[in-house]
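Asker:
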Amino acid sequence: MFGPDSLILAVETSCDDTSAALLRGERELLGHVIATQDMHEGFGGVVPEVASRAQLRVIDPVVEQTLARAGVHLDDVTAFAVTAGPGLIGSLLVGLNWVKAAAYALGRPFLGIHHMEAHLFATALEDEGAQPPFVALLVSGGHTLLLFAERWGCYRLLGQTRDDAAGEAFDKVGRLLGLGFPGGPAIERLAREGDADRQAFSVPMVRAGQRPEDDDYYDMSFSGLKTAVLTRVRELDEQGRLGDAIADLAAGFQYAALSQLVEKTLRAVNQTGCARVVLGGGVARNAVLAESLRRRLPPGSQLFVPSPRLATDNAAMVARAAHFRLGRGERSDLDLNAQAALVMPGIV
Ligand code: KG4
Ligand code: ZN
150 MFGPDSLILA
160 VETSCDDTSA
170 ALLRGERELL
180 GHVIATQDMH
190 EGFGGVVPEV
200 ASRAQLRVID
210 PVVEQTLARA
220 GVHLDDVTAF
230 AVTAGPGLIG
240 SLLVGLNWVK
250 AAAYALGRPF
260 LGIHHMEAHL
270 FATALEDEGA
280 QPPFVALLVS
290 GGHTLLLFAE
300 RWGCYRLLGQ
310 TRDDAAGEAF
320 DKVGRLLGLG
330 FPGGPAIERL
340 AREGDADRQA
350 FSVPMVRAGQ
360 RPEDDDYYDM
370 SFSGLKTAVL
380 TRVRELDEQG
390 RLGDAIADLA
400 AGFQYAALSQ
410 LVEKTLRAVN
420 QTGCARVVLG
430 GGVARNAVLA
440 ESLRRRLPPG
450 SQLFVPSPRL
460 ATDNAAMVAR
470 AAHFRLGRGE
480 RSDLDLNAQA
490 ALVMPGIV
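Position one of the sequence shown corresponds to residue 150 (this note's numbering), numbered consecutively onward.
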């Protein structure tokens with residue numbers, strides 16, 4: 150049933166993007182639409198109530214456009230997939246209820262997918278070689294996970310953030326620097342004009358002499374760094390020097406934040422002996438992150454980076470994750486509920 154001709158229609162509405170994808174077999178994307186909400190910019194972050202209402206307005210046209218581009222009729226869909234969590238509960242419910250209704254009406258199976266497992270599958274859509282075993286660094290607006298994927302569905306959690314997620318830190322610092330929302334792309338752009346040495350910050354969670362047995366060996370933290378930027382911004386402002394320092398602050402923050410991610414990933418590569426690394430999540434769009442990793446990984450390593458469209462939230466990665474799990478015979482029941490803090494399946 151989930152052979153080369155299966156048609157999976159996936160929907161992703163976990164935050165402020167509304168996306169649908171039609172996947173044939175394992176990797177052939179017949180249609181893929183992502184509608185991004187831009188009304189949150191003025192609020193400096195996503196407003197959950199506004200996001201879920203917007204999801205409701207665009208879910209029908211987004212799915213219709215996806216089917217039209219794929220040239221596939223809804224009746225021909227083999228199975229449905231949807232992000233069931235984690236995410237904003239109101240937004241998640243829009244996609245989940247849409248998929249439940251369609252699956253019920255057409256008498257087709259459906260499956261709820263974990264948002265971060267979907268991010269883990271994004272590179273597998275683009276590159277046949279992006280298969281476990283690999284070390285995975287998943288860096289989004291809500292999560293920061295360092296995993297060792299032994300095989301699909303079996304993930305050893307090496308480390309995670311103890312406070313803010315990596316993308317969240319970029320967004321908060323972006324707001325501090327007056328760069329709007331989301332902060333990540335704006336900081337990356339501005340950092341190119343700045344000098345990290347002129348506004349240097351220490352790299353969090355990286356000490357000399359740390360050992361793999363230490364419980365902070367792989368863990369990460371971003372909130373202290375954010376507070377350090379805030380303190381520096383206030384000092385510079387009092388001295389009337391803030392305006393000239395914005396690009397240097399962006400560069401200094403980005404260097405410290407990304408260095409932490411790179412160091413922890415290199416530790417995972419050294420300890421597991423696995424020289425294959427997969428990136429996922431919105432922060433994987435940051436070209437400096439990929440460049441730094443590429444420079445520092447041992448010779449002969451492979452680094453898989455999702456294309457920008459598949460790094461941030463999208464339904465194609467949900468369809469790809471669902472192809473794996475539906476193929477194993479997994480199905481969800483109609484009483485499946487959305488969960489804001491869903492635990493990732495397969496974590497050992
Ligand atoms: O995976 P994603 O689309 O949504 C969540 O699941 O959270 O990630 C969004 C996050 C935002 O925090 C955004 O600032 C960050 O990804 N991001 C970036 C870049 N592009 C997006 N962070 C750093 N550099 C970028 N170029
Ligand atoms: Zn995401």
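Note that beta-carbon positions come from the ideal geometry of N, C-alpha and C, so glycine has one too.
Source: prediction; values computed, not measured.
Thinking just about the alpha-carbon of each residue, which of 181, 429, 468 and 199 is nearest to the one in residue 454?
Answerer: In this structure, 429 is the residue among 181, 429, 468 and 199 with its C-alpha nearest to the C-alpha of residue 454.
Asker: Considering only C-alpha positions, which residue in the set 230, 223 and 467 is nearest to residue 267?
Answerer: 467
Asker: If you count every other CB in all the chains shown that lies within 10 Å of the CB of residue 192, and 16 or more means buried, which is it?
Answerer: exposed
Asker: Identify whether residue 310 lies in helix, strand or coil by the three-state DSSP scheme.
Answerer: If DSSP states are grouped into helix, strand and coil, residue 310 belongs with the strands.
Asker: Is there at least one non-hydrogen atom of the ligand ZN closer than 7 Å to the beta-carbon of residue 240?
Answerer: No.
Asker: Please state if the CB of residue 329 and the CB of residue 190 are separated by a distance shorter than 8 Å.
Answerer: yes
Asker: With a cut-off of 8 Å, do at least 3 Cβ pairs link the region 392-407 to the region 261-277?
Answerer: no
Asker: Determine the burial state of residue 457: buried for a count of at least 16 other Cβ atoms within 10 Å of its Cβ, exposed for fewer.
Answerer: exposed
Asker: When the Cα of residue 359 is compared with those of 413, 198 and 255, which residue comes out closest?
Answerer: 413
Asker: Give every residue of the same chain whose Cβ lies closer than 8 Å to the Cβ of residue 424, excluding the five residues on either side of it in the sequence, and list them in chain order.
Answerer: 418, 446, 447, 449, 450 and 451
Asker: Hey, is residue 189 close to the ligand ZN, as in C-beta under 7 Å from one of its heavy atoms?
Answerer: no
Asker: Per DSSP, what kind of secondary structure is residue 191 in: helix, strand or coil?
Answerer: helix
Asker: Would you mind working out which of 251, 261, 183 and 236 sits nearest residue 494, comparing C-alpha positions?
Answerer: 261
Asker: Pick helix, strand or coil for residue 161, following the three-state DSSP scheme.
Answerer: strand
Asker: Just the Cα atoms here: how many angstroms apart are residue 438 and residue 411?
Answerer: 7 Å
Asker: Among all the DSSP beta bridges, which residues are the ones paired with residue 304?
Answerer: 298 and 496
Asker: Here's a check: name, in chain order, each residue in its chain whose Cβ is nearer than 6 Å to the Cβ of residue 258, leaving out the five neighbours to either side.
Answerer: Answer for residue 258: 228 and 480, listed in chain order.
Asker: Among 284, 326 and 173, which residue has its Cα nearest to the Cα of residue 216?
Answerer: 173
Asker: Quickly, what does DSSP pair residue 284 with across the bridge? List them, please.
Answerer: 297 and 426
Asker: Assuming residue 289 contacts residue 241 (C-beta within less than 8 Å), just tell me the rounded distance between them.
Answerer: Actually they are not in contact, since the Cβ atoms of residue 289 and residue 241 sit about 15 Å apart, beyond 8 Å.
Asker: Would you kindly report the start and end of the unbroken alpha helix (DSSP H) that includes residue 403?
Answerer: 391-421 is the extent of the alpha helix (DSSP H) around residue 403.
Asker: Between residue 211 and residue 254, how many whole angstroms is the CB-CB distance? I'm expecting something under 8 Å.
Answerer: Contact doesn't hold; Cβ gap of about 18 Å is too wide.
Asker: Does DSSP classify residue 432 as helix, strand or coil?
Answerer: helix
Asker: Considering only DSSP beta bridges, list what residue 347 is partnered with.
Answerer: In the DSSP output, where bridge partners are listed per residue, residue 347 has none listed.
Asker: Evaluate the contact criterion for the region 383-396 versus the region 296-313: three or more CB pairs, one atom per stretch, below 8 Å.
Answerer: no
Asker: Please state the DSSP three-state secondary structure of residue 453.
Answerer: strand
Asker: If you run the structure through DSSP and keep just helix, strand and coil, what is residue 178?
Answerer: strand
Asker: Less than 7 Å between C-beta atoms, sequence neighbours within five positions excluded: which residues of the same chain meet that for residue 202?
Answerer: none
Asker: Check whether the Cβ of residue 289 sits closer than 7 Å to any heavy atom of the ligand ZN, and report yes or no.
Answerer: yes
Asker: Got a sec: does the ligand HEM put a non-hydrogen atom nearer than 7 Å to the Cβ of residue 197?
Answerer: With respect to small molecules bound, the structure shown includes the ligand KG4 and the ligand ZN and not the ligand HEM.
Asker: Can you tell me where the alpha helix (DSSP H) holding residue 320 begins and where it ends?
Answerer: 315-325
Asker: According to DSSP, what are the bridge partners of residue 229?
Answerer: 158 and 259
Asker: Which stretch, first to last residue, makes up the beta strand (DSSP E) that contains residue 170?
Answerer: 166-173
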